[in-house]
Amino acid sequence: MTTEEEKKEKKGFFRRLWSGLSKTRSSIVSGLESVFTSSSKIDEDFYEDLEEILIMGDLGVSATDEILDKLRTEVKEKHIKEPAECRDILIQGIRDQMTVDEHAYDFEEGPSVVLVIGVNGVGKTTSIGKLAGTYQARGKKVLIAAADTFRAAAVDQLKVWADRAGVDLITGAEGADPASVVFDALQAAKARHTDILLVDTAGRLHNKKNLMAELAKIDRVITREYPDCIRENLVVLDGTTGQNALSQAREFAGVTNLTGIILTKMDGTAKGGIAVAVQSELKIPVKFIGVGEQIDDLQRFEPDAFVDALFDVRREEEPEEEDLTEEPEEKETPEEEPSESTPEEPEKKAEDAEPEKKNWWDDIDDTPIFREHGDYY
Ligand SMILES: Nc1nc2c(ncn2[C@@H]2O[C@H](COP(=O)(O)OP(=O)(O)OP(=O)(O)O)[C@@H](O)[C@H]2O)c(=O)[nH]1
Ligand SMILES: [Mg+2]
Numbered sequence: 245m246t247t248e249e250e251k252k253e254k255k256g257f258f259r260r261l262w263s264g265l266s267k268t269r270s271s272i273v274s275g276l277e278s279v280f281t282s283s284s285k286i287d288e289d290f291y292e293d294l295e296e297i298l299i300m301g302d303l304g305v306s307a308t309d310e311i312l313d314k315l316r317t318e319v320k321e322k323h324i325k326e327p328a329e330c331r332d333i334l335i336q337g338i339r340d341q342m343t344v345d346e347h348a349y350d351f352e353e354g355p356s357v358v359l360v361i362g363v364n365g366v367g368k369t370t371s372i373g374k375l376a377g378t379y380q381a382r383g384k385k386v387l388i389a390a391a392d393t394f395r396a397a398a399v400d401q402l403k404v405w406a407d408r409a410g411v412d413l414i415t416g417a418e419g420a421d422p423a424s425v426v427f428d429a430l431q432a433a434k435a436r437h438t439d440i441l442l443v444d445t446a447g448r449l450h451n452k453k454n455l456m457a458e459l460a461k462i463d464r465v466i467t468r469e470y471p472d473c474i475r476e477n478l479v480v481l482d483g484t485t486g487q488n489a490l491s492q493a494r495e496f497a498g499v500t501n502l503t504g505i506i507l508t509k510m511d512g513t514a515k516g517g518i519a520v521a522v523q524s525e526l527k528i529p530v531k532f533i534g535v536g537e538q539i540d541d542l543q544r545f546e547p548d549a550f551v552d553a554l555f556d557v558r559r560e561e562e563p564e565e566e567d568l569t570e571e572p573e574e575k576e577t578p579e580e581e582p583s584e585s586t587p588e589e590p591e592k593k594a595e596d597a598e599p600e601k602k603n604w605w606d607d608i609d610d611t612p613i614f615r616e617h618g619d620y621y
């Protein structure tokens, strides 16, 4: 894909993000505006009103506390008297909750293994299909492992995406141990010098111990069979589920070392503030967001563009060539969208293999785990 095409695609993506967040925006922004305009002074009531709106907007308790603490400090230090002057400080406080580490996307250079996990129906397979398409278009050598062996239909669904993206798929028999499919895929990835191996897994309820153990086993197999690869464990969270997404992520973080979050279905959710909450509460970065079902509907998470879209922020300074952030002429049906900056090439980082953890699942033997129908759903 040419740089021009990529820019165009990103523009379309942010247009969808912008309109997808309209429900969240209208509840948060209109709520905040009314507090700023109706409050005559900065007092406890003012802070309480702001707190209520941020919590209602699903930003989470911890992020809300931090944002308001920062606001209180600045109000004191700068002797701010007007409620309206707090707006920018508040928005900056939200931006500060969502920093993404400069090495967050090192895995894209490979060789890497990206394990994609989450409860059922959140968008794991779709996200893998989209990532495969994106990396393939960028000239990366991509391979997909169909480690959701629970349903035959899961492999069929993945095959459609793999064909669409033009990448190979490693499969196993229905009901096979998912870790054995991953094992095969790892050997193939090494032999073929694959840049990125994407591993799809079956959706599982985060409170089912044996299924979480199955995941831990997959994780161990990757560590053991491919110690030199860059590891990426991404949990997929459905952006429309709000705070429940937090408890899911916490459980998955208990069995694998989560390195990032894919937040899906951000098109049309009223709970978009969850993007702030997951980063702030879990200290795990949102790396990708999905705004639809098409192959180009998943992109890297850009905190600044996200906050702009969420708060309808208009940027004052003229953006640099590679970081165009044009403002829409109209708020809801923008002509131009903030465009994602072109990230600098990350330095290639050779990561060490994850150290073996001693946890309850480490003692579970490696024979296939009996699963009952219904476990996954
Ligand atoms: N609107 C919207 N729909 C999405 C998005 N991502 C996924 N979906 C849809 O969500 C549904 C479930 O997606 P899958 O990718 O099959 O989810 P999964 O996590 O693999 O599901 P299981 O394998 O059954 O656990 C599909 O209809 C997708 O098209 C998104 O960003 N926006
Ligand atoms: Mg799936």
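Residue numbers (the numbering used here): 245 to 621. All residues carry an ideal CB built from backbone N, CA and C; glycine is no exception.
For this session: Give the secondary structure of E591 by DSSP, where H, G and I count as helix, E and B as strand, and everything else as coil.
Result: In the sequence shown, the residue the question calls residue 591 occupies position 347. With a pLDDT of 44 at E591, under the threshold of 50, the modelled position of this residue cannot be trusted; read the value that follows with caution. Of the three classes helix, strand and coil, the one that applies to E591 here is coil, per DSSP.
Exercise. If you count every other CB in all the chains shown that lies within 10 Å of the CB of T281, and 16 or more means buried, which is it?
Worked result: As a working note, residue 281 is residue 37 in the sequence shown. Exposed is the call here.
For this session: Return the first residue and the last residue of the beta strand (DSSP E) that T508 is part of.
Result: Locating residue 508 in the sequence shown gives position 264, counting from the first residue. Taken as a continuous stretch (DSSP letters only), the beta strand (DSSP E) holding T508 covers G504 to T508.
Exercise. Which residues mark the beginning and the end of the alpha helix (DSSP H) in which T370 is found?
Worked result: Position 126 of the sequence shown, counting from 1, holds the residue named residue 370. From DSSP, the alpha helix (DSSP H) with T370 extends over K368 to A381.
Problem set entry | At least 3 beta-carbon pairs within less than 8 Å: the region 512-527 vs the region 303-321 | yes
For this session: Over the uninterrupted alpha helix (DSSP H) stretch that includes Q401, give me the two end residues.
Result: On the sequence shown, position 157 is the one that residue 401 refers to. Start and end: A396 to A409.
Problem set entry | Residues near D609 by beta carbon distance below 8 Å, same chain, minus five either side | Here the question's residue 609 lines up with position 365 in the sequence shown. Residue confidence for D609 is low, a pLDDT of 39 falling below 50, so the modelled location carries little weight; the figure read from the coordinates is stated next. Within the same chain, D609 has no close Cβ partners at all.
Problem set entry | Backbone CA spacing between R464 and L481 [nearest angstrom] | Here residue 464 is taken as the residue at index 220 of the sequence shown, counted from 1. Here residue 481 is taken as the residue at index 237 of the sequence shown, counted from 1. Looking at the two C-alpha atoms, the distance is approximately 23 Å.
Exercise. The alpha helix (DSSP H) spanning E295 covers which residue range?
Worked result: The residue labelled residue 295 in the question sits at position 51 within the sequence shown. Per DSSP, E295 belongs to the alpha helix (DSSP H) from E288 to M300.
Problem set entry | Residue span of the beta strand (DSSP E) that contains A214, given as start and end | Missing from the structure shown is residue 214; the chain here goes from 245 to 621 and no further.
Problem set entry | Sequence-distant residues of its chain with Cβ nearer than 8 Å to D444 (five each side left out) | For the purposes of this step, residue 444 is identified with residue 200 of the sequence shown, where counting begins at 1. So the list reads V360, K368, T369, I372, I388, A389, A390, A391, D392, A398 and L402, once near-sequence residues are dropped.
For this session: Just confirm the distance between the C-beta atoms of V411 and Q431, as a whole number of angstroms; I'd bet it's less than 8 Å.
Result: Stepping through the sequence shown from its first residue, residue 411 is reached at position 167. Stepping through the sequence shown from its first residue, residue 431 is reached at position 187. Cβ-Cβ separation between V411 and Q431: approximately 17 Å, too far for a contact (criterion under 8 Å).
Exercise. Between T317, A549 and D340, which lies nearest to F257 when the distance is taken from Cα to Cα?
Worked result: As a working mapping, residue 257 is identified with position 13 in the sequence shown. Among T317, A549 and D340, the Cα nearest to that of F257 is on A549.
For this session: Would you please state the rounded distance, in angstroms, between the beta carbons of E495 and H450? I believe it to be under 8 Å.
Result: Indexing the sequence shown from 1 puts residue 495 at position 251. Indexing the sequence shown from 1 puts residue 450 at position 206. The Cβ separation is near 4 Å, so the contact holds.
For this session: Find the nearest neighbour of E346 within the set E546, S356, S278 and L276, judged by alpha-carbon distance.
Result: Stepping through the sequence shown from its first residue, residue 346 is reached at position 102. Residue E546 holds the alpha-carbon nearest to the alpha-carbon of E346 among E546, S356, S278 and L276.
Exercise. Helix, strand or coil for D412 per DSSP?
Worked result: Here residue 412 refers to the residue found at position 168 of the sequence shown. D412: strand per DSSP, three-state reduction.
Exercise. Helix, strand or coil: which one does DSSP assign to I462?
Worked result: Within the sequence shown, the letter at position 218 stands for residue 462. Here I462 sits in helix by DSSP.
Exercise. Hey, which residues come within less than 5 Å of ligand 2, measuring from Cβ to any heavy atom, in chain order?
Worked result: The answer, residue by residue, is K368 and T369.
Exercise. Mapping DSSP to helix, strand and coil, what is V344?
Worked result: Start at 1 with the first residue of the sequence shown, and residue 344 comes out as number 100. V344 falls in the coil class under three-state DSSP.
Exercise. What three-state label does DSSP hand R544 in the structure shown?
Worked result: Counted from its first residue, the sequence shown places residue 544 at position 300. R544 falls in the strand class under three-state DSSP.
For this session: Compute the distance between the beta-carbons of W405 and A433, then report whether it is under 8 Å.
Result: Taking the sequence shown and counting its residues from 1, the one referred to as residue 405 is at position 161. Taking the sequence shown and counting its residues from 1, the one referred to as residue 433 is at position 189. The answer is no: Cβ separation not under 8 Å.
For this session: Please name the residue in I474, L478 and A521 whose C-alpha comes closest to that of T485.
Result: Translated into positions along the sequence shown, residue 485 becomes position 241. Closest by alpha carbon: A521.
Exercise. For T445, does the three-state DSSP call read helix, strand or coil?
Worked result: Here residue 445 refers to the residue found at position 201 of the sequence shown. Collapsing the DSSP output to three states places T445 in a strand.
Problem set entry | Cα-Cα separation, K320 to V426 | By 1-based counting over the sequence shown, the position of residue 320 is 76. By 1-based counting over the sequence shown, the position of residue 426 is 182. Between K320 and V426, the C-alpha separation is close to 56 Å.
Problem set entry | Proximity of T500 and A446 at Cβ, strictly below 8 Å | Walking along the sequence shown from the start, residue 500 turns up at place 256. Walking along the sequence shown from the start, residue 446 turns up at place 202. Cβ atoms of T500 and A446: not closer than 8 Å.
Exercise. Which residues in the same chain have their Cβ closer than 7 Å to the Cβ of V551, if we skip the five residues on either side of it in sequence?
Worked result: For the purposes of this step, residue 551 is identified with residue 307 of the sequence shown, where counting begins at 1. Here the set comprises I335, I338, R339 and V557.
Exercise. What's the C-alpha gap between A645 and Q543?
Worked result: Shown here, the chain extends from 245 to 621; a query on residue 645 therefore has no answer.
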